[in-house]
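Enquirer: Have a look at the structure that comes next, please.
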Amino acid sequence: LAQPQLRASGAVVDVGLEPRPGWTRKAGSLPLGTSAAEARELLKPLAATPVLRLPHARGLLCSIDDAAAFNSLADKLLRIPTWCAKCFQPCSKELAGWLPAEEIRRGGGWDKMSYCMKVDVPPKFDAGGACSLNVQP
Numbered sequence: 005l006a007q008p009q010l011r012a013s014g015a016v017v018d019v020g021l022e023p024r025p026g027w028t029r030k031a032g033s034l035p036l037g038t039s040a041a042e043a044r045e046l047l048k049p050l051a052a053t054p055v056l057r058l059p060h061a062r063g064l065l066c067s068i069d070d071a072a073a074f075n076s077l078a079d080k081l082l083r084i085p086t087w088c089a090k091c092f093q094p095c096s097k098e099l100a101g102w103l104p105a106e107e108i109r110r111g112g113g114w115d116k117m118s119y120c121m122k123v124d125v126p127p128k129f130d131a132g133g134a135c136s137l138n139v140q141p
C-alpha cells in the first residue's frame, strides 16, 4: 500500500460484508453466503479499483465454479507463517490474559519460556454445496 498509485483517492476500497437476511444491494457491500459468480457480478462496479479490502473472508463464499482449482490456490495462499515469542515468565502465566490454557499448551515452544502459535490449515472448500458461514466471534 506504500506505492504512490495506491495512495490516490479511491485506489483502496473497503468492502463491507453483511448477513444475507436484511442485506440490501449497494456498492462496496457483499452478502455473506454468496457464490463466486454473484460476488463477481456485485463487484463489477469496482473492477478498476486496484485494492478491495475485506474485513475477513469467514462465510463469504458458499459456491464456486471450480472447487479443485480454488483448493489448489488456497493450499498455496492460506498459510499462516510460524510465529514464536519468548516469554519473560512462564508462558502459561504471561499469556493467560490473552489465551486459554489449552491454546497455550498447544503452542508450547521449545521450553516453558517460549510460545509458538499453531494455526490449523483451513478446511478444503466443499464442492458438495454445504455452506458453513463460520461467522461466530
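Numbering (the numbering used here), first residue to last: 5 to 141.
Ideal Cβ positions, reconstructed from N, Cα and C, are used throughout, including at glycine.
These numbers come from a predicted model, not from an experiment.
1) Classify Ile84 as buried or exposed, calling it buried when 16 or more other Cβ atoms lie within 10 Å of its own Cβ.
2) Following the continuous alpha helix (DSSP H) through Cys95, name the residue where it begins and the one where it ends.
3) Residue ranges of each alpha helix (DSSP H) run of no fewer than 4 residues wholly in the stretch 35 to 113, ordered along the chain?
4) From Met117, Thr86, Leu77, Ser76, pick the residue whose C-alpha is nearest to that of Ser96; which is it?
5) If you draw a straight line from the alpha carbon of Ile108 to that of Gln93, how long is it in whole angstroms?
6) Bridge partners of Asp18, per DSSP?
7) Roughly how many whole angstroms lie between the Cα atoms of Gly26 and Val17?
8) Tyr119 to Arg110, Cα distance in whole Å?
Expert: Looking at the atomic coordinates:
1) For the purposes of this step, residue 84 is identified with residue 80 of the sequence shown, where counting begins at 1. Exposed, because fewer than 16 other Cβ atoms sit within 10 Å of the Cβ of Ile84.
2) Residue 95 sits at position 91 when you count from the first residue of the sequence shown. 95 to 98 is the span of the alpha helix (DSSP H), which, as asked, contains Cys95.
3) As far as the stretch 35 to 113 is concerned, its whole alpha helix (DSSP H) runs of at least 4 residues are 40 to 47, 71 to 81, 95 to 98, 105 to 110.
4) In the sequence shown, counting from the first residue as 1, residue 96 sits at position 92. Looking at the Cα atoms, Met117 is the closest of the given residues.
5) Translated into the one-based positions of the sequence shown, residue 108 becomes position 104. Translated into the one-based positions of the sequence shown, residue 93 becomes position 89. If you take the alpha carbons of Ile108 and Gln93, they lie about 13 Å apart.
6) If you number the sequence shown from 1, residue 18 lands on position 14. Bridge partners of Asp18: Arg57.
7) Translated into the one-based positions of the sequence shown, residue 26 becomes position 22. Translated into the one-based positions of the sequence shown, residue 17 becomes position 13. So the alpha carbons of these two residues sit roughly 22 Å apart.
8) As a working note, residue 119 is residue 115 in the sequence shown. As a working note, residue 110 is residue 106 in the sequence shown. Rounded to whole angstroms, Tyr119 to Arg110 spans 9 Å at the Cα level.
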